[in-house]
Amino acid sequence: MADISNATKMGVAATGLLALLAISAVAVGTFLPPNGLSSGTIAPVDRYRDSQVGSEDITLGDQTVPQLMQTDIFDLMVNDPSFRAFASSPGFAALAQHPQALAAMAQDPQAFAALAREPQAFAALVQSAQAADAQSFAAQGVNAQAFAAMVQNAQAFNALAQHPQAFAALAQHPQAFAALARHPQAFAAMLNNPQAFAAYGRDAQAFAAASRDAQNQAAMSANAQAFQALGRDAQAMSALSADAQAFAALNQNAQAFQALGRDAQAFAALQSAAAFQALSANAQAFQALAQDARSFAAAVQSAQSFAAQSRDAQGFNAAAGLALAQNAQAFAALSQHPQAFAALAQHPQAFAALARHPQAFAAMANNPQAFASYARDAQAFAAASRDAQNQAAMQANAQAFQALGRDAQAIAALRADAQAFSALASNAQAFQALSRDVQAFEAMAANNAQMFAAMNQNAQAFQALARDADAFQALAFNAQAFQAQAAIAASANGLNAQAFAAMSRYPQAFAAMSQNPQAFAALASNAQALQALARNAQAFVALANSPHFAALAREPAFAAMARDASFARAIQAN
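Add 25 to a position in the sequence shown, counting from 1, and you land on the number used in the numbering used here.
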């Protein structure tokens, strides 16, 4: 060592100094909190320190897990006894690989904990949700009209749902049966003895003649005046002539119609002109629903629940109900973010303009404060967007902002309601959470034209609904469940008994599955994950009451964190 030159010594010293600086940088990066999802929003707490830092813990690549473990939300959860119990259990890491499903299940934890103990029922519901997800947008629009009709005539459809075979026939021939139902005494006699009227299926004109001579007709004489009135009803005779097969349908479903005739409540429902008008106006949807009795019963239940909830929701009206049903998936996803939704409902046209440019909107939602100043000068936002490559808050998504800046219609909407920028900044945490919820954000962007138009046309109703988060979520879930049930009814397989029973017991759980069937399909195939949920039901139910748990589960690094050795040490250390 004595022969080492001064230059060599200086080189060794420099190398050592660089190494020391590198280690210090790692230490600082590990232990100082980054600007994470909740920085500055929750009172500071003592963060987790891993006392056993080894070479396997120091990586020069992806730092998302260490950064997530340095956030306030992680500190809150790692000190939560329920979270520690859940995270310490076998299978938690497997369950954490399904973060979207986990966050959704936190909305109805007791139902999902129970379903986890019935893996076959869980799988059956997931299959039904997948079938619903496959239906076309046009079919959703048709179903929405039927749903609105059922909501407005909930009592009548609930009574008819008890007689699915007869309802299927009514749905096939709505105008003919509506004509008969306007003459309830004659119709009751026909329901009681359908075979006696089967021959008129070949000659409706003969029925008209017989009705006018009812006193001499064996099947009519006991109710002669009622049949004579029917025979003189030109509109009714025209409807029967146009669809004489209604007589054949009556005969082919004799027992079902006889049972309906004996059910006073159901028979009274038949006299509802509004119910038959709904049947006639939405024939395709109701015929599809009638194909599967279980799906029809479940759909009626969803409509009835929606009707009851809408009566309790202040300011909510039929037009808003139809709009919600037509955009059920988007509204159900947004119902998980009520504070952000309230802001959207206050400024629908401005946010619709932003939603047409989802990449730019996502950047704004992730960093709302950077755009707050544009509330005073929307024209400055337009100019900045066109020069996005030189704007700190825009340059990472420059092309997206440039496209927004060139969209004259969008800029006009923002100029007309520049306070949307203030709303974005005033609800920063809510919009940041929305931007991290990929499913909700994509649903909003994909359906932006229809959804925001509905919100704009029914502004007061949706603003009122935004103030009642529980009602909003319940309404959205029931509308989405109906869409799913209608799709299942129209599918070749229908709704099996196991899925129907589970859907009846856990309607909100099914609605949550319908929001993201792919995520739940992956979970259903992971037996270890379902077992972890079933075995830790109490801890999961307790956790679900914490908004921080859902926020943590939605973080992109959550799944990787659950498998990380430092996470296990953090759980054990507390």
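Beta carbons are placed, not taken as given, at the ideal position from N, Cα and C, and that holds for glycine.
Does the Cβ-Cβ distance between residue 578 and residue 91 come in under 8 Å? no
Would you call the stretch 357-372 and the stretch 462-478 in contact, with 3 or more CB pairs under 8 Å? yes
Assign residue 95 to one of two classes, buried (16 or more other C-beta atoms within 10 Å of its C-beta) or exposed (fewer than that). buried
To the nearest angstrom, report how far apart residue 133 and residue 479 are at their CA atoms. 28 Å
Which value, in whole angstroms, describes the spacing of the CA atoms of residue 533 and residue 554? 21 Å
Is the beta carbon of residue 111 closer than 8 Å to that of residue 449? no
Taking 8 Å as the threshold, find out whether the stretch 205-215 comes into contact with the stretch 329-348 through three or more Cβ pairs. no
Can you list, in chain order, the stretches of the alpha helix (DSSP H) that have 4 or more residues and sit fully within the stretch 181-255? 189-197, 199-206, 209-217 and 229-237
Tell me whether the stretch 168-188 and the stretch 498-511 touch, counting them as touching only if at least three CB pairs, one residue from each stretch, are closer than 8 Å. yes
Please report the distance separating the alpha-carbon of residue 602 from that of residue 598. Because the chain spans 26 through 599 in this model, residue 602 falls outside it and cannot be assessed.
Here's the rule: buried if 16 or more other CB atoms are within 10 angstroms of the residue's CB, otherwise exposed. What is residue 541? buried
Return the chain-ordered ranges of every alpha helix (DSSP H) run that is complete within the stretch 482-512 and spans a minimum of 4 residues. 484-491
Quick test of your reading: residue 191 and residue 282, contact by CB under 8 Å. State the CB separation rounded to the nearest angstrom. 5 Å
For residue 351, report the span of its alpha helix (DSSP H) as first-last. 343-351
Does the Cβ-Cβ distance between residue 117 and residue 549 come in under 8 Å? no
Between the stretch 408-428 and the stretch 446-464, are three or more C-beta pairs nearer than 8 Å? no
Using the Cα positions of residue 369 and residue 145, report the straight-line distance between them to the nearest angstrom. 39 Å
Pop quiz: residue 301 and residue 202 are said to be a contact at Cβ under 8 Å. What is the actual Cβ separation, rounded to whole angstroms? 7 Å
To the nearest angstrom, report how far apart residue 292 and residue 217 are at their CA atoms. 12 Å
Just to confirm, are residue 446 and residue 409 a CB contact at a threshold of 8 Å? no
Cβ neighbours of residue 248 in the same chain (closer than 7 Å, five flanking residues each side left out): 210, 211 and 214
Inter-residue Cα distance where the pair is residue 326 and residue 336: 16 Å
Please classify residue 561 as buried or exposed, where buried requires at least 16 neighbouring CB atoms within 10 angstroms. buried
Continuous alpha helix (DSSP H) stretch holding residue 148: start and end: 144-158
Does DSSP put residue 337 in a helix, a strand or coil? helix
Boundaries of the alpha helix (DSSP H) in which residue 97 is found, first to last residue: 97-103
Counting pairs of Cβ atoms below 8 Å between the stretch 266-280 and the stretch 225-238, do you hit three or more? yes
In chain order, what residues of the same chain have a beta carbon less than 6 Å from the beta carbon of residue 536, not counting five sequence neighbours either side? 502, 505 and 506
For residue 439, which of 374, 395, 296 and 497 has the nearest alpha-carbon? 374
Residue from 366, 418 and 364 with nearest C-alpha to residue 389: 418
Is it buried or exposed for residue 278, if we count other Cβ within 10 angstroms and need 16 for buried? buried
Rounded straight-line distance, which links the Cα of residue 195 to that of residue 284: 14 Å
Would you kindly work out how many angstroms separate the C-alpha atoms of residue 593 and residue 546, rounded to a whole number? 27 Å
Buried or exposed for residue 199, going by 16 or more other Cβ atoms inside 10 Å? buried
I need the straight-line Cα distance from residue 295 to residue 193, nearest angstrom please. 13 Å
How about residue 154 and residue 539: do their beta carbons lie closer than 8 Å? yes
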